[in-house]
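Asks:
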Amino acid sequence: MPKTYTESEREQIIIRLKKGANEMLMKKGVKKTTVDELVKLAGIPKGTFYLFYPCKEVLFFDAAQDFHEKVDEYITKGFLAIIASHNIDPEEEGAFSECIDEIAEVILGAMEITTTSCLKVLLEPEAMNQVLSKLPEDLLQNHRDQDTRMGAGIIAKVAARKGLDVEAVVGSFSMILFGSMYKHVIGEENLRESMRMLVKGLVIQILE
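82 is the number that the working numbering gives to position 12 of the sequence shown; each next residue is one higher, with no gaps.
Here's what the structure looks like:
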C-alpha cells in the first residue's frame, strides 16, 4: 500500500524532484535522464515518483516553469524599477528611449538566468518537442496563458503598438539565446558583451 505523505512532506519531495530534474537536465538532457536517477537524487522510492508526476517530462516542465517564473519576476521588477526611477508613462510614445541601456541590461540578466538553468536545455527543439508531446492539454494551455502575462509582455505591447510583428520580436530574442549556446565558438570572454550589443540593438528597434 502506498505511503501517505503529509502536505509538508509532499512539498519537500517536489522541491527535491525539481532540483534533481534541473541538475540532470543540465548534465544529461531529456532523453538520457531516467526516473531511476531522479528518484535517487530525491531520496524516494521509484513508485512514489508516480504519485507526483505521470512521467519525467511533466516533472521537467514543472521544474522549468519555476525558472520561467523567476525570469518573469526579474524582468517585471527590472522594468518597474526603471519606470519608477525615470517617472515613465509606458503608454507614451518613445517613453523608454532615454533608458535603452538599462532595459538591455534587464533583458540580458533574464537571459543569463535562462542560460544557467534547465530552460537552456529545453530551448533545443528536440528536447522541447519531447517534453511538450507528453504534457496534458490543460498544462499546455496554462503555459500559453502564462506567456501572455509575462513581464516581457511590456515590450511585446510596445512592439505591437509600433506595428512590429510580435512573433518576430520574440523570435529575435530567442535567436540571441540560441546564439549563447555557442560560447565555445564566440569565446566565453566575449559572450556577454556580444549578447549585450545584440540585445541593445533589438531594444532600440522596438522602443525608440
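C-beta atoms are modelled at their ideal positions from N, C-alpha and C, and glycine is treated no differently. Keep in mind that this is a model prediction, so the values were computed, not measured.
1. Would you check if the stretch 142-151 and the stretch 125-132 touch, i.e. whether three or more CB-CB distances between them fall below 8 Å?
2. For the pair the stretch 91-105 and the stretch 187-203, tell me if three or more CB-CB distances fall below 8 Å.
3. Would you mind sorting Ser-78 into buried or exposed? The rule is 16 or more other CB atoms within 10 Å of its CB.
4. Who are the Cβ neighbours of Lys-204 in its own chain at under 7 Å, not counting the five residues just before and after it?
5. Quick one: what does DSSP say Thr-186 is sitting in, helix, strand or coil?
6. Where are the beta strand (DSSP E) runs, 3 residues long or more, that stay fully inside the stretch 136-160, in chain order?
7. How long is the line joining the alpha carbons of Lys-270 and Ala-229, rounded to whole angstroms?
8. Which parts of the stretch 238-264 are runs of the alpha helix (DSSP H), unbroken and 4 residues or longer, counting only runs that do not cross its ends?
9. Unbroken alpha helix (DSSP H) runs of length 4 or more, entirely within the stretch 101-133: which are they?
10. To which residues of the same chain is Val-236 closer than 8 Å at the C-beta, ignoring the five residues directly before and after it?
11. Note down the Cα distance separating Glu-258 from Phe-149, rounded to an integer number of angstroms.
12. Classify Asp-53 as helix, strand or coil using the three-state DSSP reduction.
13. Give the single residue among Lys-97, Ile-152 and Lys-116 whose Cα lies nearest to the Cα of Lys-73.
14. Check whether the Cβ atoms of Leu-247 and Met-198 sit closer than 8 Å, and answer yes or no.
15. For chain D, check one thing: does any of its Cβ atoms lie closer than 8 Å to the Cβ of Ile-256?
16. How big is the Cα-Cα spacing for Gln-135 and Leu-272?
17. Can you tell which of Ile-84, Thr-118, Glu-163 and Ile-158 has the C-alpha that lies nearest to the C-alpha of Phe-131?
18. Looking at Phe-166 and Ile-158, is the spacing between their C-beta atoms short of 8 Å?
Replies: So, from the data block:
1. no
2. As far as the Cβ criterion goes, the stretch 91-105 touches the stretch 187-203, which means the pair count is three or higher.
3. Mapped onto the sequence shown, residue 78 falls at position 8. Exposed.
4. Taking the sequence shown and counting its residues from 1, one reaches residue 204 at position 134. Same-chain partners within the cutoff: Cys-125, Glu-127 and Val-128.
5. Translated into the one-based positions of the sequence shown, residue 186 becomes position 116. Note: Thr-186 maps to coil in three-state DSSP.
6. The qualifying runs do not exist here; there are none.
7. To locate residue 270, count along the sequence shown from 1; it is residue 200. To locate residue 229, count along the sequence shown from 1; it is residue 159. Per the coordinates, the alpha-carbon of Lys-270 lies some 15 Å from the alpha-carbon of Ala-229.
8. 253-256
9. 105-112 and 116-122
10. As a working note, residue 236 is residue 166 in the sequence shown. Excluding sequence neighbours, Val-236 sits near Ala-226, Ala-229 and Ala-230.
11. As a first step, residue 258 is located in the sequence shown; it is residue number 188 there, counting from the start. As a first step, residue 149 is located in the sequence shown; it is residue number 79 there, counting from the start. Straight-line Cα distance between these residues: approximately 28 Å.
12. Nothing can be reported for residue 53: it is not among the residues displayed for the chain, which extend from 71 to 278.
13. As a first step, residue 73 is located in the sequence shown; it is residue number 3 there, counting from the start. With distances taken between Cα atoms, Lys-73 lies closest to Lys-116.
14. To locate residue 247, count along the sequence shown from 1; it is residue 177. To locate residue 198, count along the sequence shown from 1; it is residue 128. Going by C-beta atoms, Leu-247 is not nearer than 8 Å to Met-198.
15. Absent from the structure is chain D; it holds one protein chain and no more.
16. Indexing the sequence shown from 1 puts residue 135 at position 65. Indexing the sequence shown from 1 puts residue 272 at position 202. One C-alpha to the other measures close to 26 Å.
17. Numbered from 1 along the sequence shown, position 61 holds the residue referred to as residue 131. Measuring from the Cα of Phe-131, the nearest candidate turns out to be Ile-84.
18. Numbered from its first residue, the sequence shown carries residue 158 at position 88. Numbered from its first residue, the sequence shown carries residue 166 at position 96. Cβ distance < 8 Å, so Ile-158 and Phe-166 count as in contact.
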